[in-house]
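**Student:** Structure below; questions to follow.
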Amino acid sequence: MQLHTFQGKDELGAAAATAGAEQIRVDIERHGKANIVLATGASQFDTLSALVRSTAIDWSKVTVFHLDEYIGIGPNHPASFRRYLRERFADKVGPLADFHYIAGDTESPDAEARRLAQLIDHRDICVAFIGIGENGHLAFNDPPADFTTTAPYIVVDLDEQCRQQQMGEGWFDSFHAVPTRAISMSVNQIMKARTLIVSVPDERKAKAVHCAVEGPITPECPASMLQRHPDCRLYLDTESAVLVE
0 MQLHTFQGKD
10 ELGAAAATAG
20 AEQIRVDIER
30 HGKANIVLAT
40 GASQFDTLSA
50 LVRSTAIDWS
60 KVTVFHLDEY
70 IGIGPNHPAS
80 FRRYLRERFA
90 DKVGPLADFH
100 YIAGDTESPD
110 AEARRLAQLI
120 DHRDICVAFI
130 GIGENGHLAF
140 NDPPADFTTT
150 APYIVVDLDE
160 QCRQQQMGEG
170 WFDSFHAVPT
180 RAISMSVNQI
190 MKARTLIVSV
200 PDERKAKAVH
210 CAVEGPITPE
220 CPASMLQRHP
230 DCRLYLDTES
240 AVLVE
């Protein structure tokens with residue numbers, strides 16, 4: 000695991016975006032296309048902002064997979080991750096080869112997970128841009144996370160700390176408005192990406208960063224699984240890195 004620490008979020012985001020963009024550029028150069036995974040949340044603001052400004056990528060050759068989405072939230076809801084990625088990324092980079100959004104408002108979440116699994120099956124993901132939750136989650140794999148499933152996408156229950164984080168970041172007006180379930184890319188599917196670009200700013204993430212970097216590998220800290228990835232690059236600011244030696 001490579002650790003990179005910066006003074007501010009903008010520097011963190013710029014460095015993370017530059018590293019990820021290089022992986023995308025190389026894949027397009029070698030294979031004529033690239034498959035990537037994008038995350039959402041406050042931790043991704045600066046990384047995505049810098050990524051969309053990259054001039055080295057032919058986005059028409061890039062296929063994007065969506066990391067996670069609430070169940071029961073429509074695509075125009077203020078907290079919708081589809082809306083987030085549409086407004087902050089897809090609308091800004093121009094035509095993509097494809098963007099496989101998660102339909103969280105589907106009548107059958109299990110069927111939607113199977114649909115997504117068929118789309119991503121046998122795809123070589125060159126880079127996944129992800130974060131770490133305050134409870135150590137990866138995507139919406141809250142503790143204790145399922146480290147054994149081989150399903151690419153799964154239906155998960157959101158724990159209280161995760162839901163409190165979503166409210167605290169301003170996505171919902173009240174705790175009770177935060178959905179209790181989501182469709183999430185599984186931990187093992189995330190780990191299949193050749194490069195992981197992990198953007199984690201803010202002091203409120205410091206404990207999660209510590210458990211991910213220096214703790215035992217355990218489902219109680221899902222992000223600890225990152226220790227097993229051969230090319231995981233963790234981008235921190237001075238606040239989120241405060242507990243890492």
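The sequence shown finishes on residue 244 if you use numbering that gives the first Met the number 0, and the numbering steps up by one all the way, no holes.
Positions of the beta carbon are idealized from the N, C-alpha and C atoms, including for glycine.
Does the separation of the CB atoms of residue 0 and residue 210 fall below 7 angstroms?
**Tutor:** Taking 7 angstroms as the Cβ cut-off, residue 0 and residue 210 do not qualify as a contacting pair.
**Student:** By Cβ distance, which residues of its chain are closer than 6 angstroms to residue 155, with the 5 residues on each side in sequence left out?
**Tutor:** Cβ within range, chain order: 139, 181, 183.
**Student:** From which residue to which residue does the alpha helix (DSSP H) around residue 48 run?
**Tutor:** Counting along the chain, the alpha helix (DSSP H) containing residue 48 begins and ends at 44-50.
**Student:** Helix, strand or coil: how does DSSP classify residue 68 here?
**Tutor:** The answer is strand: DSSP assigns residue 68 an E or B state.
**Student:** Distance, Cα to Cα, residue 34 vs residue 64?
**Tutor:** The straight-line gap from Cα to Cα measures roughly 8 angstroms.
**Student:** Quick check on residue 20: does DSSP put it in helix, strand or coil?
**Tutor:** Here residue 20 sits in helix by DSSP.
**Student:** Given residue 82, which residues of its chain have a CB within under 8 angstroms of its CB, disregarding the five upstream and five downstream residues?
**Tutor:** Excluding residues within five positions, the ones whose Cβ falls inside 8 angstroms are 74, 75, 76.
**Student:** Does the region 37-50 come within contact of the region 197-210, defined as at least 3 CB pairs closer than 8 angstroms?
**Tutor:** In short, these stretches touch, since the Cβ pair count reaches three.
**Student:** Leaving out five residues before and five after residue 19 in sequence, what residues of the same chain have Cβ atoms less than 7 angstroms from its Cβ?
**Tutor:** Hits under 7 angstroms: 50, 126, 128, 196.
**Student:** Excluding five sequence neighbours on each side, which residues of the same chain lie with their C-beta closer than 8 angstroms to the C-beta of residue 158?
**Tutor:** Excluding residues within five positions, the ones whose Cβ falls inside 8 angstroms are 134, 141, 142.
**Student:** Tell me the DSSP secondary structure of residue 140 in three-state form.
**Tutor:** Strand.
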